[in-house]
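Going by our numbering, the sequence shown opens with residue 83, and the numbers climb by one from there. Virtual Cβ for every residue (Gly too), placed ideally from N, Cα, C. Here the structure is laid out as structure tokens; the discussion comes afterwards.
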Amino acid sequence: MGRSTPRNATSRARALPHPVKALSMNTWLTDAAKAALKDVTPPWSDRPLSASGAEVSVAGDKATVVIETPREAGSAAEDVRLAAEAAVRAVSGIAEARAILTAHQRPAGGGHAPLPTGRGAPKGPIALPGVKRVVAIASGKGGVGKSTVAANLAAGLARRGRRVGFLDADIYGPSAPTLFNLEGPPDIHEEKIQPLEAFGVKVLSIGFMIEPEKALVWRGPMVMGAVSQLLGDADWGELDALIIDTPPGTGDAHLTLAQRAPLSGVLLVTTPQDLAYADARRSGKMLRRLSVPILGVVENMAFLQGADGSLVRPFGEGGGARLAAEFEAPLIASLPLDPALQKSGDDGAPLLAGDEDAPSRDALERAVDALEVFLEG
Numbered sequence: 083m084g085r086s087t088p089r090n091a092t093s094r095a096r097a098l099p100h101p102v103k104a105l106s107m108n109t110w111l112t113d114a115a116k117a118a119l120k121d122v123t124p125p126w127s128d129r130p131l132s133a134s135g136a137e138v139s140v141a142g143d144k145a146t147v148v149i150e151t152p153r154e155a156g157s158a159a160e161d162v163r164l165a166a167e168a169a170v171r172a173v174s175g176i177a178e179a180r181a182i183l184t185a186h187q188r189p190a191g192g193g194h195a196p197l198p199t200g201r202g203a204p205k206g207p208i209a210l211p212g213v214k215r216v217v218a219i220a221s222g223k224g225g226v227g228k229s230t231v232a233a234n235l236a237a238g239l240a241r242r243g244r245r246v247g248f249l250d251a252d253i254y255g256p257s258a259p260t261l262f263n264l265e266g267p268p269d270i271h272e273e274k275i276q277p278l279e280a281f282g283v284k285v286l287s288i289g290f291m292i293e294p295e296k297a298l299v300w301r302g303p304m305v306m307g308a309v310s311q312l313l314g315d316a317d318w319g320e321l322d323a324l325i326i327d328t329p330p331g332t333g334d335a336h337l338t339l340a341q342r343a344p345l346s347g348v349l350l351v352t353t354p355q356d357l358a359y360a361d362a363r364r365s366g367k368m369l370r371r372l373s374v375p376i377l378g379v380v381e382n383m384a385f386l387q388g389a390d391g392s393l394v395r396p397f398g399e400g401g402g403a404r405l406a407a408e409f410e411a412p413l414i415a416s417l418p419l420d421p422a423l424q425k426s427g428d429d430g431a432p433l434l435a436g437d438e439d440a441p442s443r444d445a446l447e448r449a450v451d452a453l454e455v456f457l458e459g
């Protein structure tokens, strides 16, 4: 396919409605950009990009197009990318257009399988016969310390002699490589991904399989395929508990885990303020609607303790208790704002993996106590 500008792109453009709100303008421009892609048909398909799933987003006068290409597309993919940019740039109201190519493989087994295990992503319910309990850690919101809490729960259980796995299910923002100070790629043996290990915890993350600075541009099916592979194509062995650190929000990864993974329950992590409570509540409601039990609540960054013993609550108070009451679940720990806990995450050594005495240690140990009670049934 040669590099060409789409036919009649300019004649298709029309004046923007006036007056119009920014949101309406973005919607109109997005629709117009999608329509412009009808003149770009990739050589690997009999349908134009407008009908073959290309994703278009517009912010202001800048448009981004994500085009899924087969691995064997070769140089033709670059021709398609340039043609798509030219087509969208010709739309009146769009000053800048950028097309991004993303590729994944569809092995003989079928399904979206972005990870190179040599077979398709698992289909249907995912069985983990050697794993006794699967516990998700969710918050619905980024920035509340959920991943740090999850890593410490896993490390704390392992230090007490439990066989523990840790799955980092955040495809776009994996944190396990930093939290556990691990680097990949993991070995693949007999089509099974071999988790890395640190502090007695088996750890697996998409972050072990991509370049640290690389941003993934994956659509929903690919995210779901990657989560399914990390869970079902991994050699977890015999575990007392598999801790799953879920991403922020209530998206494709959550649906995959709730619908296909043998989840025993979920712990909700929040901070005291209303905004964090609302997002954690939304996440809990979605999971409960999918029949996942709410095991308890951990409130992070609940207070600062002064030298005189007084408590300062920079984020307000009550969010954790309200969340626990909402789901009739116990508030198993309220963690202080603790520089030692933050530093342990940055250093890649969970606080509960060592002996350091820190303000948050007792509360974290209580959370591990509560999780152990659950593991005992």
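**Asked** Can you find a C-beta in chain B that's less than 9 Å from the C-beta of S174?
**Response** The question asks about chain B, but that chain is absent: this structure has only one protein chain.
**Asked** In the DSSP assignment, what residue or residues form a beta bridge with I253?
**Response** Looking at the DSSP output, I253 bridges to nothing.
**Message:** Taking a contact to mean a Cβ-Cβ separation below 9 Å, would you say D327 touches L278 in this structure?
**Reply:** It is not a contact, given that the beta carbons lie outside the stated cut-off.
**Message:** Run through the DSSP bridge pairs and tell me what G247 is partnered with.
**Reply:** According to the DSSP secondary-structure assignment, G247 is paired through a beta bridge with K284 and L324.
**Request:** Just mark P125 as buried or exposed, buried being the case when its beta carbon has 16 or more other beta carbons within 10 Å.
**Result:** With a 10 Å radius around the Cβ and a threshold of 16 neighbouring Cβ atoms, P125 comes out exposed.
**Request:** Might you give, ordered along the chain, the residues of its own chain that have their beta carbon closer than 6 Å to the beta carbon of V162, omitting 5 neighbours on each side?
**Result:** Hits under 6 Å: P124.
**Item:** Sheet register partners of K144 (DSSP bridge)
**Value:** Answer is A141 and E178.
**Prompt:** Excluding the five sequence neighbours on either side, which residues of its own chain have a C-beta within less than 8 Å of the C-beta of R448, listed in chain order?
**Reply:** If we look at R448 and ignore the five residues flanking it on each side, its Cβ neighbours are I414 and A415.
**Asked** For G347, which residues does DSSP report across the bridge?
**Response** Under DSSP, G347 forms a beta bridge with V217.
**Message:** Along the chain, where does the beta strand (DSSP E) containing L229 start, and where does it finish?
**Reply:** Position check: residue 229 holds Ser in this sequence, whereas Leu was assumed. Per DSSP, S229 is not a residue of any beta strand (DSSP E); the alpha helix (DSSP H) it occupies stretches across K228 to R241.
**Asked** In three-state terms, what does DSSP make of G225?
**Response** Residue state, collapsed to three classes: coil.
**Item:** Residue from D143, W110 and G430 whose Cα sits closest to the Cα of L264
**Value:** Nearest of D143, W110 and G430 to L264, Cα basis: G430.
**Prompt:** At which residue ranges does the stretch 330-413 contain complete beta strand (DSSP E) runs of 3 or more residues, listed in the order of the chain?
**Reply:** List check, beta strand (DSSP E) in window: 347-352 and 376-381.
**Counterpart residues of L278 in DSSP-defined beta bridges** = Answer is V285, bridged to L278.
**Prompt:** In whole angstroms, what is the alpha-carbon distance linking A237 and A362?
**Reply:** Approximately 24 Å, taken between the alpha carbons.
**Message:** If distances are taken between C-alpha atoms only, which option among S373, A440, G255 and G314 comes closest to V348?
**Reply:** For V348, the closest C-alpha among the options S373, A440, G255 and G314 is that of S373.
**Prompt:** CA-CA distance, L446 and M291?
**Reply:** Between L446 and M291, the alpha-carbon positions lie close to 30 Å from each other.
**Prompt:** With distances taken between CB atoms, is the gap from P412 to V379 smaller than 9 Å?
**Reply:** Taking the C-beta atoms as reference points, V379 is found nearer than 9 Å to P412.
**Prompt:** Whose C-alpha, out of G289, T230, P329 and A406, is nearest the C-alpha of G427?
**Reply:** Per the C-alpha coordinates, the member of G289, T230, P329 and A406 positioned closest to G427 is T230.
**Prompt:** Is S442 helix, strand or coil when you go by DSSP?
**Reply:** Three-state DSSP puts S442 in coil, outside helix and strand.
**Prompt:** What's the C-alpha gap between T352 and L417?
**Reply:** Distance between the alpha carbons of T352 and L417 is about 10 Å.
**Message:** Give me the residue from M383, L393, P354 and D439 with the minimum Cα distance to P399.
**Reply:** The question names Pro, but residue 399 in the sequence shown is Glu. When only C-alpha atoms are compared, the closest one is P354.
**Neighbourhood of S134 by C-beta distance below 7 Å, restricted to the same chain and skipping five residues each side** = S127.
**Item:** Span separating the alpha-carbon of A316 from that of H336
**Value:** Going by C-alpha positions, A316 is about 18 Å away from H336.
**Item:** Through-space distance from A389 to L453, alpha-carbon basis
**Value:** So the two alpha carbons sit approximately 31 Å from each other.
**Prompt:** In the structure shown, what three-state DSSP assignment does A415 receive?
**Reply:** Correct three-state label for A415: strand.
**Message:** Contact defined as beta carbons within less than 8 Å: I believe T338 pairs with S310. What is the distance between those atoms, to the nearest angstrom?
**Reply:** 6 Å between Cβ atoms; contact.
**Item:** Sequence-distant residues of the same chain with beta carbon closer than 6 Å to V30, five excluded per side
**Value:** Nothing can be reported for residue 30, as the shown portion of the chain is limited to 83 through 459.
**Message:** Applying the 10 Å Cβ sphere with the 16-neighbour rule, what's the burial state of E150?
**Reply:** Looking at its Cβ environment, which holds 16 or more other Cβ atoms inside 10 Å, E150 is buried.
**Request:** With a threshold of 16 other CB atoms inside 10 Å of the CB of L393, please say whether the residue is buried or exposed.
**Result:** If you draw a 10 Å sphere on the C-beta of L393, you find fewer than 16 other C-beta atoms in it, and that means exposed.
**Request:** Indicate, with yes or no, if the ligand NAP has a heavy atom lying under 8 Å from the CB of L417.
**Result:** In terms of ligand content, the structure shown is empty, and the ligand NAP therefore cannot be addressed.
**Request:** Please work out which residues of its chain come closer than 6 Å, Cβ to Cβ, to M368, disregarding the five sequence neighbours upstream and downstream, and give them in chain order.
**Result:** T332, listed in sequence order.
**Request:** Can you say whether N90 is buried or exposed, counting buried as having 16 or more other CB atoms within 10 angstroms of its CB?
**Result:** Residue placement at N90 cannot be trusted, given a pLDDT of 36 that sits under 50; the coordinates are not used to answer.
**Asked** P330: buried (16+ other C-beta within 10 angstroms of its C-beta) or exposed?
**Response** P330 should be labelled buried.
**Asked** When DSSP builds the beta bridges, which residues end up paired with A118?
**Response** Here A118 is not bridged, per DSSP, to any residue.
**Request:** Below 7 Å CB to CB, which residues in the same chain sit around P259 once its five sequence neighbours on both sides are set aside?
**Result:** By the criterion of a C-beta distance shorter than 7 Å, P259 is surrounded in its chain by E265, S287, G289 and F290, once the five residues flanking it on both sides are discounted.
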